[in-house]
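Chains as they are written, first to last, in our numbering: chain A, 1 to 141; chain B, 1001 to 1141.
Number of protein chains: 2
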Amino acid sequence: ELKEDVLNRSITTFLISADQVAHVQPDNNLEHALLVLVKSGYTAIPVLDTNFKLQGLISKAQILDSILGIERIEHEKLGEWKVKEVMTDNIACVNDDQPFEKVLSLSINHPFVCVENTQGAFLGIIPRSKILAYINGYFHE
Amino acid sequence: ELKEDVLNRSITTFLISADQVAHVQPDNNLEHALLVLVKSGYTAIPVLDTNFKLQGLISKAQILDSILGIERIEHEKLGEWKVKEVMTDNIACVNDDQPFEKVLSLSINHPFVCVENTQGAFLGIIPRSKILAYINGYFHE
Ligand SMILES: Nc1ncnc2c1ncn2[C@@H]1O[C@@H]2COP(=O)(O)O[C@H]3[C@@H](O)[C@H](n4cnc5c(N)ncnc54)O[C@@H]3COP(=O)(O)O[C@H]2[C@H]1O
Ligand SMILES: Nc1ncnc2c1ncn2[C@@H]1O[C@@H]2COP(=O)(O)O[C@H]3[C@@H](O)[C@H](n4cnc5c(N)ncnc54)O[C@@H]3COP(=O)(O)O[C@H]2[C@H]1O
């Protein structure tokens, strides 16, 4: 494969589709989000609204940061606070018609890249492991 | 750069040296480890003994898993349990004289790869972000 062919490659083969992606909703409380994160084993997961539109990302670190008080772990906040109050909107996101080159450069600073279609519907994510597996294969052709 | 040159490249240019790597010791308690993890912002960090030899990795997820009881968060364990009781020994590790090819293939399934010298002393880590930045540059030469 030529270098330009790699960069112009379609991204659909790298996609983990939405039904395989652990996610929570903006109005869930932090306890629910923490349980989904701990059960899934993932560090950070997408936040999708009821129309399945991407709203942000939430991680164990953000939840821990929000409940670690100066004196003690304020675990009552887990039931009271909502995901939307803690999530980040610093999301790497591309359209499904953009080439691999765009996902490769975003993956330098983001553990996964979200993918939407042209109407803004969430299609899934491309994690760094998929990109690295493909690159490893390219160098061993 | 030719494909073989990339695979045979030395790994020292990718290294985050040991003095820049957040780490804890096997005999620290979980509360200390959680504070280092939360303060550093990293998901997982190396565990080094007093001779600076790599013993394992510890993550927020492991600490959270160990204190999440069925009924409640058992936060008293944070002061009582030690890092060595919770850390994993599933570590991706290479010698500093091994080529880039080895680090690339390990990075597919590990967020970072540890590097030791031939005497077993911990030299630092190579995170996926460094590998991806180099790969991105290769395709844009
Ligand atoms: N259950 C599991 N089985 C096998 N390997 C596992 C695993 N959980 C984690 N890993 C390994 O650890 C890496 C870091 O996972 P992390 O959860 O920090 O970071 C993950 C997570 O935040 C997110 N992610 C991946 N798959 C996901 C999914 N199905 N749903 C939601 N988020 C996902 O993308 C990030 C990067 O994923 P990536 O695969 O590149 O990299 C993963 C993968 O190599
Ligand atoms: N303070 C910060 N400044 C800028 N970007 C940040 C950052 N913290 C995290 N990131 C970004 O998020 C990615 C995942 O970080 P994470 O902490 O899950 O996973 C990290 C962490 O577990 C470990 N790591 C990286 N640098 C470290 C260090 N100096 N000490 C200890 N562990 C480190 O290696 C994993 C992969 O790191 P990588 O750079 O590939 O990927 C990082 C980086 O792209």
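Heads up, the beta-carbon is just placed ideally off N, CA and C, and yes, glycines get one too. Note that the coordinates shown come from a computational prediction; the quantities given were computed from them, not determined experimentally.
Would you kindly report the start and end of the unbroken alpha helix (DSSP H) that includes residue i?
i	result
V103 of chain A	100-107
A1061 of chain B	1060-1067
G137 of chain A	128-139
K1077 of chain B	1077-1080
K3 of chain A	3-8
A1033 of chain B	1030-1040
Tell me whether residue i, by its Cβ, gets closer than 6 Å to a heavy atom of ligand 2.
i	result
G137 of chain A	no
A1044 of chain B	yes
S1129 of chain B	yes
P99 of chain A	no
A1022 of chain B	yes
G1041 of chain B	yes
N109 of chain A	yes
Hey, quick one: how far does the beta strand (DSSP E) through residue i stretch, first residue to last?
i	result
E1116 of chain B	1112-1116
V94 of chain A	93-95
L1048 of chain B	1044-1048
Report the option in the options whose CA atom is closest to the CA atom of residue i.
i	options	result
D1097 of chain B	B:E1071, B:L1007, B:I1135, B:R1072	B:L1007
T1088 of chain B	B:G1069, B:S1059, B:T1012	B:S1059
K1053 of chain B	B:R1128, B:N1117, B:Y1134	B:N1117
L106 of chain A	A:Q119, A:I91, A:G120	A:I91
H1140 of chain B	A:V83, A:F100, A:E76	A:F100
V21 of chain A	A:A44, A:K77, A:D27, A:E31	A:A44
F1112 of chain B	B:V1094, B:D1027, B:Q1119	B:V1094
A1061 of chain B	B:N1136, B:L1015, B:A1033, B:N1051	B:A1033
I11 of chain A	A:E80, A:R72, A:C114	A:C114
L1015 of chain B	B:V1103, B:L1068, B:L1078, B:G1056	B:V1103
K39 of chain A	A:G69, A:L132, A:H23	A:H23
Q1119 of chain B	B:L1037, B:L1030, B:T1013, B:N1051	B:N1051
Around the C-beta of residue i, are 16 or more other C-beta atoms found within 10 angstroms, so that it is buried, or is it exposed?
i	result
K1130 of chain B	buried
G1124 of chain B	buried
R1128 of chain B	buried
L1002 of chain B	exposed
G1079 of chain B	exposed
Under 8 Å between beta-carbons, which chain A residues line up against residue i? List them in chain order, please.
i	result
L1104 of chain B	L132, I135, N136, F139
Should residue i be counted as a contact of ligand 1 given a C-beta to heavy atom distance under 6 Å?
i	result
V1036 of chain B	no
G958 of chain B	Nothing can be reported for residue 958 of chain B, as the shown portion of chain B is limited to 1001 through 1141.
F52 of chain A	no
Any heavy atom of ligand 3 closer than 6 Å to the Cβ of residue i?
i	result
Q1062 of chain B	You won't find ligand 3 in this model; what it holds is ligand 1 and ligand 2.
At 9 Å on the CB atoms, spell out the chain A contacts of residue i, in chain order.
i	result
S1010 of chain B	What S1010 of chain B touches in chain A: nothing, since even the nearest Cβ is about 16 Å away.
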